[in-house]
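Novice: Heads up, the sequence shown is in my numbering, so the first residue is 259 and it goes up one at a time. Using N, Cα and C, we set each Cβ at its ideal position, and we do this for glycine too.
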Amino acid sequence: MNFRTLANVIVIGAQWGDEGKGKITDLLSKSADMVVRYQGGVNAGHTVVVNGQTFKLHLIPSGILYPDTECIIGSGTVIDPKMLLNELDQLELLQIPTQHLLISETAHVTMPYHRLIDQAAEQRRGNRKLGTTGRGIGPTYADKSERTGIRVLDLMHSESLPDQLRWTIAYKNVLLEKLYDLPPLDSEAVIDEYLGYADRLRPHVVDCSLKIYDAIQHRRNILFEGAQGTLLDLDHGTYPYVTSSNPVAGGACIGAGVGPTMIDRVIGVAKAYTTRVGEGPFPTELEGEVGTLLCERGSEFGTTTGRKRRCGWFDAVIGRYAVRINGMDCLAITKLDVLDTLPEIKVCVAYKVAGDHCEHFPSDSRQFTLCEPVYETIPGWQQSTEQCRSLDELPTAAQDYLKFLAELVEVPIAIVSLGASRDQTIIVEDPIHGPKRTLLYPNLKEG
Ligand code: GDP
Ligand code: IMO
Ligand code: MG
């Protein structure tokens, strides 16, 4: 199916990240003129598999594999220049053109002290640690809020950067030495290193909001690619076990610098089960044999840190919450194939909290840690789905499972993914031009 006609869509993770956003973004990028990453940094790890070749992207949007699709790293992201240049080098080695990558001049820069502070702070937290990726993300966003951050713009001003860095590093060295008992950074070495990075990045740096507005005025299709997932959102996730940005759909407007009236569709991506990396509550987590099976069949190891992902059953309470918080129009369900061998599958339809039945995600994190899943068990299909290319070709039990999920979360499933490659996909309905969610669910209409 070709999705080409005008629309601006946001693709977001509906769980705790690693839902397969990279695969779905790559798939939809075929019809996009521009792909914009709007938050997060090199904590993200998006995997795209094309013709058997695997691309692991951290900061560069998953649209990069299409030479005619402009790719933007937006203002709401945090950019680690060293890692970004590494990523560019890797792509160039694979002969993937990268001149169509643009970087926002107002994005903040992750500096060496951010990474050191992230890792040292995690150590200091002891058993209260968050399980961060250790990539300096929290400290970079903290400096942004504290208004002491270095922006890409600052990096480009080679005449004023040395003084700005000398001042900032002197300040950070106090923290490193006195609070974390670490050696201070040599500011002159950091200045030299970052002036070098600035020179290499300069040709990519633009006013992204202006670029995006111009594209909208020329009626081009834009895809906004979320990193992380709804439950890792700083405001709406399982705080404090979250990242430091806003992966939810609303974050796209701020992080890209576009108004909400410019957005046509929000597409959520969720696994047919659930995973989580790092610390924090996870009601449907499976620690036994089935958890191990999901981890092994799903190759659930972090793209960024290589950590083993925690695995559990699909949680429809979280699914409904993600639909609400993101104003989601439809869902892409990934990794259905991972469930192929199971004789039965459980789905969490509600929680029990201190004896009370609860159908909504509790905003109080303490309450969330007490939630016990209420499961419904449905039969598995115990046959391979990897070669199926239409809903009809799926075993009946797999079709029933998808129908059940859609009913529970109250949005249609537009895409089903059955493997990492582009062709292992079923397009159930056009995710971009299919009916708006409000037209499908009468309970959402007036009255
Ligand atoms: P992202 O962070 O949301 O982009 O997801 P990741 O790339 O970190 O993790 C998803 C992993 O699952 C990647 O290794 C993908 O190649 C893989 N993947 C995506 N969709 C499917 C699918 O439908 N089935 C299987 N078996 N693997 C998939
Ligand atoms: P993608 O885009 C899964 C998790 C970390 C940790 C928490 C905070 O690939 O889905 P941070 O380093 O951001 O301060 O860590 O967030 N986390 C992710 N988990 N996928 C990601 O990105 C993640 N990015 C951060 O494991 O629990
Ligand atoms: Mg990932």
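Run through the DSSP bridge pairs and tell me what residue 360 is partnered with.
Specialist: 330
Novice: Can you have a look at residue 622 and say buried or exposed, based on whether 16 or more other CB atoms are within 10 angstroms of its CB?
Specialist: exposed
Novice: Buried or exposed, going by whether 16 or more other CB atoms sit within 10 Å of the CB of residue 703?
Specialist: Interpretation of residue 703 is limited by its pLDDT of 48, a score under 50 that renders its predicted location unreliable; the figure taken from the coordinates is listed afterwards. By the neighbour-count rule (16 or more Cβ atoms within 10 Å), residue 703 is not buried but exposed.
Novice: Does the region 566–585 touch the region 603–610, meaning 3 or more C-beta pairs lie closer than 8 Å?
Specialist: yes
Novice: Can you check which of these residues, 322, 633, 345, 616, is closest to residue 300 by C-alpha distance?
Specialist: 345
Novice: Enumerated in chain order, which unbroken segments of the alpha helix (DSSP H) with a length of 4 residues or greater are wholly contained in the region 596–681?
Specialist: 623–628, 654–667
Novice: Which ranges would you report for the alpha helix (DSSP H) in the region 384–412 if only whole runs of at least 4 residues count?
Specialist: 395–404
Novice: To the nearest angstrom, report how far apart residue 282 and residue 334 are at their CA atoms.
Specialist: 21 Å
Novice: How is the alpha helix (DSSP H) around residue 584 delimited, first residue to last?
Specialist: Per DSSP, the unbroken alpha helix (DSSP H) holding residue 584 starts and ends at 574–584.
Novice: Below 7 Å, is the gap between the Cβ of residue 500 and the nearest heavy atom of ligand 1?
Specialist: no
Novice: Between 678, 534, 584, which has its C-alpha nearest residue 564's C-alpha?
Specialist: 534
Novice: Output the distance between the C-alpha atoms of residue 277 and residue 383, rounded to the nearest integer angstrom.
Specialist: For the pair residue 277 and residue 383, the Cα-to-Cα distance works out to about 28 Å.
Novice: DSSP state of residue 570, grouped into three classes?
Specialist: In the three-state DSSP reduction, residue 570 falls in the strand class (E or B).
Novice: Classify residue 671: buried if its beta carbon has 16 or more other beta carbons within 10 angstroms, exposed otherwise.
Specialist: buried
Novice: I'd like to know whether the C-beta atoms of residue 371 and residue 434 end up nearer to each other than 8 Å.
Specialist: Between residue 371 and residue 434, the CB-CB gap stays under 8 Å.
Novice: Alpha carbon to alpha carbon, what distance is there between residue 336 and residue 416?
Specialist: Distance between the alpha carbons of residue 416 and residue 336 is about 20 Å.
Novice: Could you tell me which whole alpha helix (DSSP H) segments of length 4 or greater appear in the region 488–535?
Specialist: 507–514
Novice: Please state the DSSP three-state secondary structure of residue 431.
Specialist: helix
Novice: So, are the CB atoms of residue 291 and residue 473 less than 8 Å apart?
Specialist: yes
Novice: Roughly how many whole angstroms lie between the Cα atoms of residue 667 and residue 581?
Specialist: 7 Å
Novice: Buried or exposed for residue 353, going by 16 or more other Cβ atoms inside 10 Å?
Specialist: exposed
Novice: Would you mind sorting residue 385 into buried or exposed? The rule is 16 or more other CB atoms within 10 Å of its CB.
Specialist: exposed
Novice: Please find out if some non-hydrogen atom of ligand 1 comes closer than 7 Å to the beta-carbon of residue 342.
Specialist: no
Novice: Along the chain, which unbroken stretches of the beta strand (DSSP E) at least 3 residues long are found entirely within the region 277–312?
Specialist: 292–295, 304–308
Novice: Do residue 486 and residue 302 have their beta-carbon atoms positioned less than 8 Å apart in this structure?
Specialist: At the C-beta level, residue 302 and residue 486 come within 8 Å of one another.
Novice: Would you identify the three-state DSSP class for residue 259, choosing helix, strand or coil?
Specialist: Low per-residue confidence applies at residue 259: pLDDT is 47, beneath 50, and the placement is therefore not dependable, though the value from the model is reported in the following sentence. Correct three-state label for residue 259: coil.
Novice: Of all the options 285, 586, 428, which has the alpha carbon lying nearest to the alpha carbon of residue 694?
Specialist: 586
Novice: Please state the DSSP three-state secondary structure of residue 314.
Specialist: In this structure, residue 314 counts as strand in the three-state DSSP scheme.
Novice: So what does DSSP say about residue 537, is it helix, strand or coil?
Specialist: DSSP places residue 537 in coil when its eight states are reduced to three.
Novice: Taking only the alpha-carbon atoms, compute the straight-line gap between residue 460 and residue 331 and give it to the nearest angstrom.
Specialist: 14 Å
Novice: Which two residues bound the contiguous alpha helix (DSSP H) that contains residue 683?
Specialist: Not the alpha helix (DSSP H): residue 683 falls in the beta strand (DSSP E), residues 683–685.
Novice: Just reading off the beta strand (DSSP E) that residue 590 is part of, what are its end residues?
Specialist: 588–592
Novice: So is the beta-carbon of residue 595 under 7 Å away from any non-hydrogen atom of ligand 3?
Specialist: no
Novice: Can you list, in chain order, every residue whose CB sits closer than 5 Å to a heavy atom of ligand 3?
Specialist: 276, 303, 561
Novice: Between residue 660 and residue 497, what straight-line distance do the alpha-carbon atoms span, to the nearest angstrom?
Specialist: Their backbone Cα atoms lie some 30 Å apart in a straight line.
Novice: If the criterion is Cβ atoms closer than 8 Å, does the pair residue 539 and residue 619 meet it?
Specialist: Cβ atoms of residue 539 and residue 619: not closer than 8 Å.
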